[in-house]
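Everything in the sequence shown is counted per this note's numbering, starting at 4 for the first residue and increasing by one. Ideal Cβ positions, reconstructed from N, Cα and C, are used throughout, including at glycine.
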Amino acid sequence: MTAYSLGPLLYEGKAKRVYATDQPDLVAVEFKDDATAFNAEKRACLAGKGERNCRISALVFEWLEGRGVSTHYLGVEGDRWMLVRPVKVVPIEVVVRNVAAGSLCRQLPIAPGTPLDPPLLDLYYKHDALGDPLLTEARLERLQLVSSGQLQAISELAMAVNRGLRELFGSVDLELVDFKIELGFAADGRLLLADEISPDTCRLWDRRISDQSDRILDKDRFRQDLGGVVEAYGEVLKRVQGVCAQPRVYR
Ligand code: 5GP
Numbered sequence: 004m005t006a007y008s009l010g011p012l013l014y015e016g017k018a019k020r021v022y023a024t025d026q027p028d029l030v031a032v033e034f035k036d037d038a039t040a041f042n043a044e045k046r047a048c049l050a051g052k053g054e055r056n057c058r059i060s061a062l063v064f065e066w067l068e069g070r071g072v073s074t075h076y077l078g079v080e081g082d083r084w085m086l087v088r089p090v091k092v093v094p095i096e097v098v099v100r101n102v103a104a105g106s107l108c109r110q111l112p113i114a115p116g117t118p119l120d121p122p123l124l125d126l127y128y129k130h131d132a133l134g135d136p137l138l139t140e141a142r143l144e145r146l147q148l149v150s151s152g153q154l155q156a157i158s159e160l161a162m163a164v165n166r167g168l169r170e171l172f173g174s175v176d177l178e179l180v181d182f183k184i185e186l187g188f189a190a191d192g193r194l195l196l197a198d199e200i201s202p203d204t205c206r207l208w209d210r211r212i213s214d215q216s217d218r219i220l221d222k223d224r225f226r227q228d229l230g231g232v233v234e235a236y237g238e239v240l241k242r243v244q245g246v247c248a249q250p251r252v253y254r
């Protein structure tokens with residue numbers, strides 16, 4: 004791996020900043036401590052969140068790569084920087100649900116905690132101003148966001164990610180309730196898992212605890228004002244580190 008220098012800010016999201024580098028095939032992502040929920044109506048700064056999410060995400064990407072999932076991940080630098088391949092992000096949020104929770108239970112008569120087998124795949128249009136609406140097959144076709152072949156590849160990748168994540172989190176007594184991923188096309192046309200995988204983007208319940216509030220180790224602690232958000236993310240990191248090596252350092 005070669006040294007690089009940071010270029011201009013390309014994009015600032017709710018939880019990350021993305022910078023160009025002096026290398027066309029390398030982008031640097033800075034994980035922020037900012038937390039937002041409910042389409043950014045609720046905001047806070049949680050010291051240490053960025054660092055934990057960067058580490059968890061790096062270890063998860065490495066775990067998934069070891070199981071045949073192609074990702075944008077290249078390595079970490081320092082506590083909160085991740086180096087990734089640039090991708091053209093698909094404007095679809097892909098959600099996989101193993102257990103009913105969150106918006107599913109608000110929109111359908113399904114009780115929270117109901118197991119979903121086979122897992123449910125929900126696609127949302129990534130569009131903040133419209134509040135990320137649910138997509139149907141017909142809507143996808145109308146918007147022409149992806150071809151049917153690409154849609155098939157996206158679904159297969161999402162299910163492969165689900166299998167890998169359930170194996171990882173399950174091995175450390177964390178129940179993977181649901182998660183959201185983003186995907187992108189690399190310059191060579193390959194579909195890659197992008198963005199991050201962390202307690203900001205997954206629901207994780209501690210199987211060692213039965214109390215419904217106490218067992219939440221993800222962003223629902225922030226959404227529901229349960230407190231202990233950074234501590235919960237730290238617990239997830241500690242458990243994941245127990246089965247993964249240190250993340251590879253980019254330089
Ligand atoms: P829900 O549909 O219940 O809002 O979310 C399902 C899963 O996807 C949860 O794990 C949630 O954290 C994640 N998710 C859905 N949309 C977003 C989003 O816009 N940002 C983040 N960080 N996670 C999301």
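Report yes if the C-beta of S60 is less than 7 Å from at least one heavy atom of ligand 1; otherwise report no.
no
Which of helix, strand or coil does DSSP assign to A47?
In this structure, A47 counts as strand in the three-state DSSP scheme.
Do you know how far the Cα of L196 is from the Cα of V93?
10 Å
Would you say R210 touches ligand 1, meaning its beta carbon is less than 7 Å from a heavy atom?
no
Quick one: what does DSSP say K52 is sitting in, helix, strand or coil?
helix
Could you check if Y14 is buried or exposed, using at least 16 other CB atoms within 10 Å of its CB as the buried criterion?
exposed
Anyone know if the C-beta pair for R226 and E178 falls short of 8 Å?
Against a cut-off of 8 Å, the Cβ pair of E178 and R226 comes out as no contact.
Could you check whether the segment 105-116 touches the segment 80-87, counting it as contact only if at least three pairs of C-beta atoms, one from each stretch, sit closer than 8 Å?
Fewer than three pairs of CB atoms, one per stretch, sit closer than 8 Å, so the segment 105-116 makes no contact with the segment 80-87.
Looking only at its own chain, which residues have a Cβ that is under 7 Å from the Cβ of R218, when we skip the five neighbours before and after it?
Correct list, in chain order: W208, D209 and I212.
Tell me which same chain residues have a C-beta within less than 6 Å of the C-beta of D198, skipping the five on either side of it?
Excluding sequence positions up to five before and after D198, its CB lies within less than 6 Å of the CB of E185, all in the same chain and listed in chain order.
Does the distance from the C-beta atom of W66 to that of G173 stay below 8 Å?
no
What are the start and end residues of the beta strand (DSSP E) that includes I95?
For I95, the enclosing beta strand (DSSP E) stretches over residues I95 to V102.
DSSP on I113, reduced to helix/strand/coil?
coil
What's the gap between the Cα of Y128 and the Cα of R88?
23 Å
According to DSSP, simplified to helix, strand and coil, what is D25?
In the three-state scheme derived from DSSP, where H, G and I count as helix and E and B as strand, D25 is classed as coil.
Here's the rule I'm using: 16 or more other beta-carbon atoms within 10 Å means buried, otherwise exposed. How should L160 be labelled?
buried
Among all the DSSP beta bridges, which residues are the ones paired with T74?
Bridge partners of T74: L196.
May I ask you to check if the CB of C205 is nearer than 7 Å to at least one heavy atom of ligand 1?
yes
Is A104 near ligand 1, going by C-beta to nearest heavy atom under 7 Å?
yes
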